[in-house]
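One point on numbering: in our numbering, the residue at position 49 of the sequence shown is 1001, and numbering is uninterrupted. One structure below.
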Amino acid sequence: MGIKSWLSIPFAKYVVNQQRKWAQKPVMHQKRTFESLIVQGRETLFGEDHGFKHIRSVKEFQERVPLRDYEQLRPYIDRIRAGESDVLWKGRPIYFAKTSGTTSGSKYIPITKSSIPNHINSARNALLSYIRESENSSFVDGQMIFLSGSPELNMEGDIPTGRLSGIVNHHVPQYLRRNQKPSFEANCIEDWEAKLDKIIEETGEADMRLISGIPPWIQMYFDRLIEKYNRPISEIFPNLSLIVHGGVNFKPYSNKLFESIGKEIDAIETYPASEGFFAFQDSQNEEGLLLQLNSGIFFEFVPLEEIQNENPKRYCIEDVQLDKNYAIIISSNAGLWAYVIGDTVKFVSKSPYRIVVTGRVKHFISAFGEHVIAEEVEKAMNETVKKFPETEIVEFTVAPKINPEKGLSCHEWFISFSKQPNNISSFEKELNLQLCRLNSYYDDLIQGNILKNLEVAVLQPDAFIRFMKKNGKLGGQNKVPRLSNDRKFAEGLTEFALNQK
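So, in structure tokens, the structure goes:
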């Protein structure tokens, strides 16, 4: 055991003990967080505009501060970009995390001196929780690879600006920098395939023990390594023991990842976003991610079916129910107030509060009133693959097929297989059966002959990689939408169809 791994064990014990203390009193800590945010927010332009000096309770806050998305918050962001101080939070942000938007183009999410510890400490504590529970700290002594965006930062006025993963890269503790791969130079390469070639050159002979990234891009890295060395990953990196992942559901990718490695290894799920690091998997033995209720973020939750209402009901942590989908709302020491981040979550535990991410507010199919969400299509796929064990999925997405030339409308599943099921038609029928089981509205539409059974469009194995590359979205933090309520994304995939059943 090396000195780093030896020292990490008592540190992990201390951090996890502190974590358990606040997790046992979640309502109290959320109340303290709320009160602290309001006091500091009174000294800002936003606080003046919304009468923070009169706010003494969450109810008064909810009456004065409506829910906002980025477009509605943008006038304040633009004033910060123009050079003003004390707009959303005291002083000026220390960074902007730049992320792609929709109607607004690029989004500039402020990160303040107060909020940066949430990003750094939450990532650290995820690893320490794992060390405390598993007593495996050996990865700390070896090399760790982080497949992330470029750490290069540009200036937006006087504020350094870049991708969140690049910003966080600048805050990796000094004692871990020697263990970190790839190099700064390799990480700055924008072209994903060229970057991947350089990463493989730097890591192929390294003692790699931990890998972190979005699952499909980890898989692409593994595929390239196997192609080069003609060996499973466990022989290339015999000490690899841990995957840290986030951004998308791990389950659809896990079988192929573990097959590439040659064995199953432990995995830690995290829930970071530009707006905050919200949760992480604190146990290998419990379902869900520990919600970070003592990290400068005050959480509210709106039932998914109400999020489009003009004045939806907003619930605090003590009022949520298990197994119910909520849109997640945050107010934070980054200066985001009643901010709709766009994700949906479901609570699987209230002691402590643990969540699973179920999708995106805007990622659903309800072209016919069925309101199918990401959690349901992923569960349907997982259960179907279990019944066709010869099958391996590379990637998939789902879109409505409205008013086709022949027959009824339906859902169309665009699937890339690395190993196809023996019978595509049987696979398709089982997939439809599973979705009917999971979504009663969809089942009613099928039974009522409003929709016909779903269709599977079989794509080339590398279809999504080629499509993402064609659209400049290959690698980094870019993700394939699991489902859409229109065919904008799906139509671009049709050129990669194999057209076989």
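For every residue, glycine included, the Cβ atom is placed at its ideal position computed from N, Cα and C.
- Scanning K983, S1193 and A1415 for the CA closest to the CA of E1216 turns up S1193.
- In this structure, I1072 sits away from S1226, with a CB-CB distance that is not shorter than 7 Å.
- The beta carbons of F1174 and S1212 sit closer together than 7 Å.
- Comparing alpha carbon positions, the residue from Q1233, P1112, R1439 and K1421 closest to K1353 is R1439.
- Taking the Cβ atoms as the reference, K1381 lies roughly 7 Å from N1405, within the contact range of under 8 Å.
- Segment contact: the stretch 997-1004 against the stretch 1038-1055, three or more CB-CB distances shorter than 8 Å; contact assigned.
- The C-alpha of M1096 lies about 28 Å from the C-alpha of P1433.
- By the Cβ neighbour-count rule, A1146 is exposed, with fewer than 16 other Cβ atoms within 10 Å of its own.
- Excluding residues up to 5 positions away in sequence, N1070, H1071 and S1074 lie with their Cβ nearer than 6 Å to the Cβ of F1229 in the same chain.
- Contact between the stretch 974-991 and the stretch 1253-1266 is absent, with fewer than three C-beta pairs closer than 8 Å.
- Closest in C-alpha terms to L1403, from the list E1443, F1419 and K1358, comes K1358.
- No Cβ-Cβ contact shorter than 7 Å links E1347 with F1441.
- Exposure of F1136 is indicated by the presence of fewer than 16 other C-beta atoms within 10 angstroms of its C-beta.
- Under the three-state reduction of DSSP, K1421 is assigned to helix.
- Judged by beta-carbon spacing, E1328 lies within the 7 Å limit of N1391, meaning their Cβ atoms are closer than that value.
- When DSSP reads this structure, M953 sits in no beta bridge, so it has no partner.
- Proximity of the stretch 1076-1087 to the stretch 1234-1241 meets the contact definition, three or more beta-carbon pairs being nearer than 8 Å.
- When secondary structure is reduced to three states using DSSP, C1140 falls in the coil class, being assigned neither helix nor strand.
- Y1394 and T1349 have their C-alpha atoms roughly 17 Å apart.
- In this chain, the alpha helix (DSSP H) harbouring N1207 covers K1203 to I1213.
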